[in-house]
Amino acid sequence: MSLFSRATVALLAAVLTACGGGGGGGASPELRLPTASVVVTAKTTGVAPSSSIYFSYGRTSGREVHATAVATTTTGIARTEVAIDDSGNGRLQIFFKDPDRIGPNTYSDQVSLKLCYDTACAEHLPGSPRVVDTRYTVTGSAAPEPAPALPASAAPVDGGLLTATMLAMGDHNVVDAAYSTALEAIVMISTLPTPALYVYDTAADTEAKLALDQAPAALALGSDGRTVAILLAASETAVAKLVYAALSASGVPGTLTTASTTLVPASDLLLEDNRVAHLLPGSIGSLTQGFITSIDLETKAVQASNFDVPVQLTGALHPAGQAIYAIPPLPSTGDIVKFEVNERGTLRLYESGDGGVHPGCGRLWLSADGSRIYTACSAVFRASEYRKNDLTHMGNVMLFGPTGGIQSLSESVPAGEIAIAEISNESCYRAPFAECSSRLNFYDRDTVAAAGSFAIPDNGIAGFVFHDGSGDNLYIIARRYNDPLAPDLGPDNLLLKFNRGG
């Protein structure tokens, strides 16, 4: 017999008493159901609904009671669950099928709820069985066929050393970066030599700096390319903060504004078009789950998701702005988790869940049209508003090295290509060492067929790769290993420019 928690039992009793169905005290054994019908709706682009019915059955003088719920027809019902407690209360849950899998229509079914004194149900309680009628209406368009799988492709061929120009970026350690096509500028945060926000104007080859009073941990750039949100990490003397700034037409950052100083640890920062920032939960003690904090930069209003979000995820906003895809960090592998984004905050929807056959890992990037998800361990998944197609595996990016992984990815629609920074070890960019290696790979944007692989010059370990708006230029933020026992090779942090025209 399943038991509810004490809190759930108390709530059950209150609900049942309020609707006249209380079963405690001296009530005689009898199945009492407050309703005999369930009506639900869903769109084909939505998630499957569910419904709960709370019931009572009274005291049974110490006799054991067995509960079963069986859907006698299942045109729209996926499964049922029933649970009862020792105080004479219970809950029937009806779960319906994914709307995009069954298509637009109205589905009518029946569920038979039985309470019996024996497992074979030879002796029913009075009032048992009861039949619940369900009506499930699905609206919207039928789900399209999924995008075809990626064609098989060979690994990229070695093209030698990348011919690139070193730009005059300051020797600061970039911990996060984004590219603004509106300004044709690279927006970066660094912790050394001092915490700061930098904006590198790629046309003028100049760099503007805005000092930060705490070490930055993550950056998010709005789709307008002019609004930057920054997560400042907590320290022994300061709490974590979320700040933001507007970037002028010349790329010079304006005054920092604090949006919130009451933050729980966060693992990633995302920024919507409507200037709402989303913080994915970081580690808090031994907790394995937390909640997404959504903060409106202007009003400072804060919303929190349910406490069902795995900690330490890194994520990306879908270009349409209505979903977040997130994934466990390296070296772990796991399912991609999808969240709905709406005016009330975020809601966990579902996971990729193919039993680990095609795991994702580390980081993820979405294609410009929002139809593909690329992951650090090279697996590629479909992204779709229809669940039957969403998060399904469509192939792999072929990397140069057998143990390589994707550190950064940039897609250029004008150039028709994908550029990938491949590294031999997940920690190489943050802490370069002698055995690290890094390459820049090129692929066809449509087929993901490899077009070539090049070694990063100056022994650089690529951390971020960006195309400019035209697709003619590619920028690589890299670090290099400077052997402390060898002559100094120059700056540890590099900004390289690769021009397609030579």
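For the sequence shown, the positions run 977 to 1478 when our numbering is used. The C-beta atom is built at its ideal place from N, Cα and C for all residues, glycine as well.
query                                                                                                                                                            : result
Looking at the structure shown, is arginine 1320 part of a helix, part of a strand, or coil, going by DSSP?                                                      : coil
Would leucine 1089 and alanine 1043 be called neighbours here (beta carbons separated by less than 9 Å)?                                                         : yes
Is the beta carbon of isoleucine 1382 less than 9 Å from the beta carbon of cysteine 1353?                                                                       : yes
Exposed or buried, proline 1408, counting other C-beta atoms within 10 Å across all chains shown (16 or more means buried)?                                      : buried
Have a look at the DSSP bridge pairing and note the partners of arginine 965.                                                                                    : Nothing about residue 965 can be reported from this structure: the residues present for the chain run from 977 to 1478 only.
So what does DSSP say about arginine 1077, is it helix, strand or coil?                                                                                          : helix
Measuring alpha carbon to alpha carbon, tell me which of Gly1380, Gly1466, Arg1476 and Ser1386 ends up nearest cysteine 1337.                                    : Gly1380
For phenylalanine 1283, count the other beta carbons within 10 Å of its own beta carbon; 16 or more makes it buried, fewer makes it exposed. Which is it?        : exposed
So what's proline 1192 in DSSP terms, helix, strand or just coil?                                                                                                : strand
Going by the CB atoms, is the gap between aspartate 1109 and valine 1014 shorter than 9 Å?                                                                       : yes
CA-CA distance, glutamate 1393 and arginine 1421?                                                                                                                : 4 Å
Classify leucine 1465 as buried or exposed, calling it buried when 16 or more other Cβ atoms lie within 10 Å of its own Cβ.                                      : exposed
How is aspartate 1434 classed by DSSP in three states: helix, strand or coil?                                                                                    : helix
Tell me the rounded alpha-carbon separation between arginine 1348 and arginine 1111.                                                                             : 35 Å
By DSSP, does cysteine 1353 sit in helix, in strand, or in coil?                                                                                                 : coil
Should the segment 1140-1147 be regarded as contacting the segment 1112-1119, the criterion being three or more beta carbon pairs within less than 8 Å?          : no
Look at the alpha carbon of glycine 1445 and the alpha carbon of proline 1241, and state the distance between them as a whole number of angstroms.               : 34 Å
I'd like to know if the segment 1163-1178 and the segment 1223-1237 are in contact, where contact means that at least 3 CB-CB pairs between them fall below 8 Å. : yes
Rank Thr1423, Leu1007, Glu1387 and Ala1277 by C-alpha distance to the C-alpha of glycine 1447 and give the top, closest one.                                     : Glu1387
What are the residues that DSSP puts in a beta bridge with arginine 961?                                                                                         : For residue 961 there is no data in the structure shown, the boundaries of the chain being 977 and 1478.
From what residue to what residue does the beta strand (DSSP E) around methionine 1164 run?                                                                      : 1161-1166
Taking 9 Å as the threshold (C-beta atoms), are glycine 1321 and arginine 1251 in contact?                                                                       : no
Between which two residues does the beta strand (DSSP E) harbouring histidine 1369 extend?                                                                       : 1369-1372
Spatial neighbours of proline 1467 within its chain, please: C-beta separation below 7 Å, excluding the five flanking residues on both sides.                    : Asp1147
Roughly how many angstroms lie between the CA atoms of serine 1400 and leucine 1367, to the nearest whole one?                                                   : 26 Å
Classify asparagine 1469 as buried or exposed, calling it buried when 16 or more other Cβ atoms lie within 10 Å of its own Cβ.                                   : buried
Taking only three categories from DSSP, how would you classify glycine 998?                                                                                      : Since pLDDT at glycine 998 reaches only 39, below the 50 mark, its modelled position is unreliable, and the value read off the structure follows with that caveat. Glycine 998: coil per DSSP, three-state reduction.
Expressed to the nearest angstrom, what Euclidean distance is found between the alpha-carbon atoms of threonine 1056 and alanine 1277?                           : 39 Å
Considering only C-alpha positions, which residue in the set Leu1375, Glu1361 and Asn1365 is nearest to alanine 1355?                                            : Leu1375
Thinking just about the alpha-carbon of each residue, which of Ser1403, Ala1292 and Lys1364 is nearest to the one in tyrosine 1350?                              : Ala1292
Taking the continuous beta strand (DSSP E) assigned at alanine 1043, which residues delimit it?                                                                  : 1042-1047
Apart from the five residues on each side of it in sequence, which residues of its chain come closer than 7 Å, Cβ to Cβ, to arginine 1415?                       : Phe1376, Glu1398, Ser1429, Phe1430, Ala1431 and Ile1432
Apart from the five residues on each side of it in sequence, which residues of its chain come closer than 8 Å, Cβ to Cβ, to alanine 1225?                        : Leu1159
Based on Cα-Cα distance, which residue from Phe1072, Ser1360, Gly1135 and Thr1050 lies nearest to glycine 1297?                                                  : Ser1360
Just mark glutamine 1265 as buried or exposed, buried being the case when its beta carbon has 16 or more other beta carbons within 10 Å.                         : exposed
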